[in-house]
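Asker: The structure under discussion is supplied below as structure tokens; questions concerning it will follow.
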Amino acid sequence: MVAKLKPGKTINYLFSTVNYLFNVSGDALAVLMGFVMIPVSKNSFLATFFDLPYTAMARVHIWIGRVIWWLTVFHTVDGIMKYVLNNRDPLNMIRVPKNPEWGDHDFVGVTGIVATAALLIITLTSLDFVRRKYFNVFFYTHFLVFIFILFAYFHASNCIYYILPGLFMYTVDGFMRLYSRYSPRDKVSNVIFEDCGYVTLTIATKKAATVRPGEFMRVCFPEVSKYEFHPWSVVRANAESVTFLFATASENQKEWTWKLQALLVERKAAGTVGEVEVCLQGPFGSEIGFLNSVGVAGKKTPDMYVFYVGGTGLAASVQGIEKILAHESTKVLLVWSARVVGMENLSLVKELIAKGKQTGGNLSVELYETRGDAVAQDPESIENLTATKLMSEKNLEEVGLAGHQLHHQRSDLLAILQKHVSVVDLDTSTVEVGLFVCGSGGLTKHALQSSTQFQRDNKNVQINLVVEPFAL
Numbered sequence: 001m002v003a004k005l006k007p008g009k010t011i012n013y014l015f016s017t018v019n020y021l022f023n024v025s026g027d028a029l030a031v032l033m034g035f036v037m038i039p040v041s042k043n044s045f046l047a048t049f050f051d052l053p054y055t056a057m058a059r060v061h062i063w064i065g066r067v068i069w070w071l072t073v074f075h076t077v078d079g080i081m082k083y084v085l086n087n088r089d090p091l092n093m094i095r096v097p098k099n100p101e102w103g104d105h106d107f108v109g110v111t112g113i114v115a116t117a118a119l120l121i122i123t124l125t126s127l128d129f130v131r132r133k134y135f136n137v138f139f140y141t142h143f144l145v146f147i148f149i150l151f152a153y154f155h156a157s158n159c160i161y162y163i164l165p166g167l168f169m170y171t172v173d174g175f176m177r178l179y180s181r182y183s184p185r186d187k188v189s190n191v192i193f194e195d196c197g198y199v200t201l202t203i204a205t206k207k208a209a210t211v212r213p214g215e216f217m218r219v220c221f222p223e224v225s226k227y228e229f230h231p232w233s234v235v236r237a238n239a240e241s242v243t244f245l246f247a248t249a250s251e252n253q254k255e256w257t258w259k260l261q262a263l264l265v266e267r268k269a270a271g272t273v274g275e276v277e278v279c280l281q282g283p284f285g286s287e288i289g290f291l292n293s294v295g296v297a298g299k300k301t302p303d304m305y306v307f308y309v310g311g312t313g314l315a316a317s318v319q320g321i322e323k324i325l326a327h328e329s330t331k332v333l334l335v336w337s338a339r340v341v342g343m344e345n346l347s348l349v350k351e352l353i354a355k356g357k358q359t360g361g362n363l364s365v366e367l368y369e370t371r372g373d374a375v376a377q378d379p380e381s382i383e384n385l386t387a388t389k390l391m392s393e394k395n396l397e398e399v400g401l402a403g404h405q406l407h408h409q410r411s412d413l414l415a416i417l418q419k420h421v422s423v424v425d426l427d428t429s430t431v432e433v434g435l436f437v438c439g440s441g442g443l444t445k446h447a448l449q450s451s452t453q454f455q456r457d458n459k460n461v462q463i464n465l466v467v468e469p470f471a472l
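Last residue of the sequence shown? That's 472 in UniProt numbering, and every number before it is there in order.
And the structure:
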């Protein structure tokens with residue numbers, strides 16, 4: 001039924017529009033709050049049924065979360081405009097009148113502000129910089145989402161009906177993860193403290209038998225923290241073990257990775273590192289896209305593979321390179337840059353080079369030390385490393401490192417592609433390059449710009465780009 005306008009009254013179109021947008025934005029927020037909870041479940045039956053990778057679900061969760069925040073900002077500003085156009089003091093939004101009654105509109109403004117404040121903290125601590133550098137802050141402040149949901153319900157009770165399905169899935173997922181926390185645990189089988197400061201860690205487990213290149217697992221060390229699970233890219237895995245690579249995340253010695261490294265150092269010195277218990281979840285994620293066809297008869301594969309990684313992002317590329325070397329003689333280029341000294345001595349790099357030699361694979365490795373005290377030095381070829389260094393590594397005495405370069409400077413992907421990707425050398429009219437990028441936000445941005453520019457300059461080159469999970 002359409003209400004009749006009283007004689008002499010005029011329609012305030014501005015106020016009507018603002019009021020309409022206020023209601024619509026509130027309803028849209030209620031719907032989005034329901035959707036944002038669904039993809040966050042790590043053991044989602046929907047993801048299993050539709051074969052959706054966890055990394056894709058995580059991206060959906062992140063983007064819906066960002067939309068919720070900006071729509072909340074719009075809803076708040078629109079509410080202030082509604083008060084102003086109605087000749088009311090906007091501060092009344094956060095005031096509770098005398099003798100308020102629950103169930104009326106007396107608490108709507110206050111509960112909305114509390115929900116918005118909780119959401120603001122979650123949003124700020126979810127920024128890529130904070131999430132990468134201060135994971136614990138990101139992890140714990142995310143529990144404020146329950147405060148947000150509670151006060152959003154007090155603010156507008158209809159939103160709970162949208163949230164319940166996702167909340168129920170998350171609760172079931174939480175119990176499943178809690179069970180894995182207390183189920184029989186795996187144990188550390190080997191640890192290598194690398195010269196560059198990184199730690200290569202192998203865990204004896206049967207849970208990683210199905211891991212594919214590019215996937216990750218969530219790891220918990222109860223002696224460090226009983227309930228913190230951290231996502232680690234899998235270096236390599238088989239039916240008996242899984243290997244990871246990690247480094248201390250900050251200078252804060254109370255940080256999780258610092259505590260873990262201290263524990264491993266102490267246990268290795270005592271000869272009890274094999275008794276360190278580990279809880280594993282996963283694997284999660286999906287295989288690096290252009291590797292799906294490797295080793296499959298009749299499937300077309302790229303003419304060249306480039307792995308452009310930074311820091312511990314190297315971990316995500318190792319198993320993929322090993323898969324290529326085991327099945328093809330296609331040219332493979334690994335470009336690894338890190339703010340460390342002694343990266344050429346990393347056991348994983350030497351093992352990759354050894355496998356390249358053993359399989360006769362066409363593997364090239366370029367290393368870039370970007371640490372300040374190393375950048376000023378002249379470029380050095382790895383072939384100039386002393387025989388003593390090589391002989392000190394068990395099972396790698398005969399490895400030849402000629403052609404694998406160590407540079408004391410920042411990497412330039414565009415120049416690297418121009419140097420290595422050649423139609424003449426690859427004997428083809430068009431070149432398809434599989435490019436995998438895994439690293440910091442700056443490295444990823446540089447890689448995207450470089451690959452775009454290279455394709456623009458070389459029309460006969462097609463780059464199949466895969467970016468590391470969560471690098472949006």
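For glycine and all other residues, C-beta sits at the position ideal for the given N, C-alpha and C.
Just so you know, these numbers come straight off a predicted model, no measurement behind them.
1) Just list the residues that DSSP pairs Ala237 with in beta bridges.
2) Using a Cβ-Cβ cutoff of less than 6 Å, which residues in the same chain neighbour Tyr368 once the five nearest sequence positions on both sides are dropped?
3) Alpha carbons only, please: which of Thr359, Thr430 and Tyr305 is nearest the one belonging to Val437?
4) In angstroms with no decimal places, state the Cα-to-Cα distance between Asn464 and Phe290.
5) What residue from Gly79, Arg66, Tyr161 and Asp186 has the CA that sits closest to residue 555's CA?
6) Just verifying my parser: in three-state terms, what is the DSSP assignment at Thr272?
7) Mapping DSSP to helix, strand and coil, what is Phe284?
8) Exposed or buried, what is Glu397 when buried is set at 16 or more other beta-carbons lying within 10 Å of its beta-carbon?
9) So, for Asp373: in the same chain, excluding its five sequence neighbours on each side, which residues have a beta-carbon less than 6 Å away from its beta-carbon?
10) Who are the near neighbours of Gln261 in its chain, counting only those whose CB is closer than 7 Å to its CB and skipping five residues on each side?
11) Is the distance from the Cβ of Val130 to the Cβ of Phe139 below 8 Å?
12) Could you name each continuous beta strand (DSSP E) segment of 3 residues or more that falls completely within the stretch 133-216, going from the start of the chain to the end?
13) Should the stretch 32-41 be called in touch with the stretch 160-170, which here means at least 3 C-beta pairs below 8 Å?
14) Excluding sequence positions up to five away, which residues of its chain have a Cβ less than 8 Å from the Cβ of Ile64?
15) By Cβ distance, which residues of its chain are closer than 8 Å to Lys323, with the 5 residues on each side in sequence left out?
16) Please report the distance separating the alpha-carbon of Ile288 from that of Gly112.
17) Inspect the beta-carbon positions of Trp232 and Phe246 and report whether they are closer than 8 Å.
18) Considering Met33, what are the terminal residues of the alpha helix (DSSP H) in which it resides?
19) What does the alpha-carbon distance come out to for the pair Val172 and Met93?
20) Does the distance from the CB of Val211 to the CB of Val242 come in under 8 Å?
21) Opposite Tyr368 in the DSSP bridges: which residues?
22) Rounding to the nearest angstrom, what Cα-Cα distance links Gly285 and Ala316 in this structure?
23) Determine, for Val349, whether the minimum Cβ-Cβ distance to residues of chain B falls below 8 Å.
24) Our contact map puts Gly310 next to Cys196 with C-beta atoms below 8 Å; I'd like the distance itself, whole angstroms only.
25) Does DSSP classify Leu352 as helix, strand or coil?
26) Quick check on Gly434: buried or exposed, where buried means 16 or more other Cβ atoms within 10 Å of its Cβ?
27) Between the beta-carbon of Val191 and the beta-carbon of Leu264, is there less than 8 Å?
28) Give the secondary structure of Val60 by DSSP, where H, G and I count as helix, E and B as strand, and everything else as coil.
Answerer: Concretely, from the data shown:
1) Val242
2) Ser337, His407 and Ser411
3) Tyr305
4) 7 Å
5) Because the chain in this structure spans residues 1 to 472, residue 555 falls outside the shown range and cannot be described.
6) coil
7) strand
8) Unreliable placement is indicated for Glu397, whose pLDDT of 34 sits below 50; no coordinate value is reported for it.
9) At Asp373 the pLDDT is 44, less than 50, meaning the model places this residue with poor confidence and gives no usable figure here.
10) Val199 and Thr248
11) no
12) 186-193 and 199-204
13) yes
14) Leu32, Phe35, Val36 and Pro39
15) Pro213, Leu291, Val294 and Gly295
16) 43 Å
17) yes
18) Tyr13 to Met37
19) 37 Å
20) yes
21) Ser337 and His407
22) 11 Å
23) Here there is only one protein chain, and chain B is not present.
24) Actually they are not in contact, since the Cβ atoms of Gly310 and Cys196 sit about 13 Å apart, beyond 8 Å.
25) helix
26) buried
27) yes
28) helix
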